[in-house]
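**Q** Per our numbering, residue 38 is the first one in the sequence shown, and the count goes up by one each step.
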Amino acid sequence: MKVAPSILAADFANLAADVARVADVADLLHVDCMDGHYVPNLSIGPPVVKSLRPHTDLFLDCHLMVDNPGTLLAGFADAGADGCTVHIELGDPRVLFDEIRALGMRVGLSLEPQTPFDAVAPYLAEIDLLLVMSVHTGFGGQPFIAEVLDKVRAARVAIDERALPVEIEIDGGIKIDNAHLAVEAGVDILVSGTGIFGADDPAEAAREIRAAGTK
Ligand code: DX5
Ligand code: ZN
């Protein structure tokens, strides 16, 4: 099981320092890119990834909540992103998958809480990461939507049946008290923003989330 602190909840004015605080315990860093159109919030993009890249060797797991991800993929790759995740709600993602791979990054596909598992099932053999949203995208600090765990279970079965090399990541509202539910349902990677960077000791919070998930 892996832990991915979401830097959306870090202090952007002290980003390298906040990342350094969790570096020993994080398995990857989750980077939320929001464009103010796909979601009603605006966050960060390739320039910040480029600034962060020299400060960490962690996998930079970029979650693209934008209307036109295709226009940003080369920028993310040039900036040093390791993976880009796009949303199924935008339509057939295959062209984006090809671009992400051609740019040397890992391919992620995400689905919103209201989107059924069937929408992503046809693409499982073409991706590295399935990102199951457990809040509606746009903001950190929202409550966990437990109903999405049924989709995690369905994904776990589908991936295991075919022995596909796809990791299941969950994102939104993950805290110490619910991490075990996600892992029991079959999650491989726990994203947590406010659950980690909102804590007095982010590294300790990340350790506790991992421990809670492995119980
Ligand atoms: C929401 C983002 C999440 C967010 C999670 O749109 O995709 O990655 O940072 O934040 P928490 O863990 O606070 O719910
Ligand atoms: Zn995210």
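Where a beta carbon is used, it is the ideal one built from N, C-alpha and C, also for glycine. Keep in mind the model is a prediction, meaning the values are calculated, not measured.
From HIS92 to ALA219, what does the alpha carbon distance come to, in whole angstroms?
**A** Near 30 Å, if we compare the C-alpha coordinates of ALA219 and HIS92.
**Q** Look at the alpha carbon of GLU149 and the alpha carbon of ILE125, and state the distance between them as a whole number of angstroms.
**A** Their Cα atoms are separated by approximately 8 Å.
**Q** For PHE96, write down the residues that DSSP places opposite it in a beta bridge.
**A** Paired residues: LEU65.
**Q** In the DSSP output, which residue or residues are listed as bridge partners for LYS87?
**A** For LYS87, which the question treats as bridged, DSSP gives no partner whatsoever.
**Q** Taking GLU221 as the reference, which of ARG247, GLY117, ASN78 and ALA118 has the closest Cα?
**A** Of ARG247, GLY117, ASN78 and ALA118, the residue nearest in Cα terms is ARG247.
**Q** Starting from the C-beta of ARG190, find all residues in its chain whose C-beta is less than 8 Å away, skip the five residues before and the five after it, and write them out in chain order.
**A** Same-chain partners within the cutoff: ALA222 and GLY223.
**Q** Using CA atoms only, rank isn't needed, just tell me which of ALA243, PHE176, GLY107 and LYS212 is closest to LEU127.
**A** If we check each option's Cα against that of LEU127, GLY107 comes out closest.
**Q** Taking just the CA atoms, how far does HIS100 sit from HIS37?
**A** The requested residue 37 does not occur in the structure, where the chain is confined to residues 38 to 252.
**Q** Looking only at DSSP bridge pairs, what is MET170 linked to?
**A** Its beta-bridge partners are ASP208.
**Q** Would you identify the three-state DSSP class for HIS74, choosing helix, strand or coil?
**A** Coil at HIS74, not helix or strand.
**Q** What do you reckon, are the CB atoms on LYS188 and PHE234 nearer than 8 Å?
**A** For LYS188 and PHE234, no; Cβs fall outside 8 Å.
**Q** Below 8 Å between beta carbons: does that hold for VAL172 and ILE205?
**A** Not in contact: VAL172 and ILE205 (Cβ atoms no closer than 8 Å).
**Q** Is it true that the CB of ALA60 sits closer than 8 Å to the CB of LEU95?
**A** Yes, these two residues count as a Cβ contact at 8 Å.
**Q** Given a cut-off of 8 Å, decide if VAL40 and ASP64 are closer than it, judged by their beta-carbon atoms.
**A** Against a cut-off of 8 Å, the Cβ pair of VAL40 and ASP64 comes out as a contact.
**Q** Do VAL86 and THR174 have their CB atoms nearer than 8 Å?
**A** No. Outside cutoff.
**Q** Between which two residues does the beta strand (DSSP E) containing PRO42 stretch?
**A** First-last of the beta strand (DSSP E) with PRO42: 39–42.
**Q** What does the shell around the ligand ZN hold, if a residue joins when its beta-carbon is under 5 Å from any heavy atom?
**A** Cβ atoms closer than 5 Å to the ligand ZN belong to ASP69, HIS100 and ASP208.
**Q** With C-beta atoms as the reference, is GLY232 less than 8 Å away from ALA242?
**A** The answer is yes: Cβ separation under 8 Å.
**Q** If I'm right that LEU167 touches VAL203 with Cβ under 8 Å, what's the distance once you round it to whole angstroms?
**A** Indeed, because the Cβ distance is near 6 Å, the residues count as touching under 8 Å.
**Q** Decide if the stretch 135–142 is in contact with the stretch 177–187; the criterion is three or more beta carbon pairs, one per stretch, under 8 Å apart.
**A** No, because fewer than three Cβ pairs between the stretch 135–142 and the stretch 177–187 fall closer than 8 Å, the two stretches do not touch.
**Q** Alpha carbon to alpha carbon, how far is ALA192 from GLU198?
**A** Between ALA192 and GLU198, the C-alpha separation is close to 10 Å.
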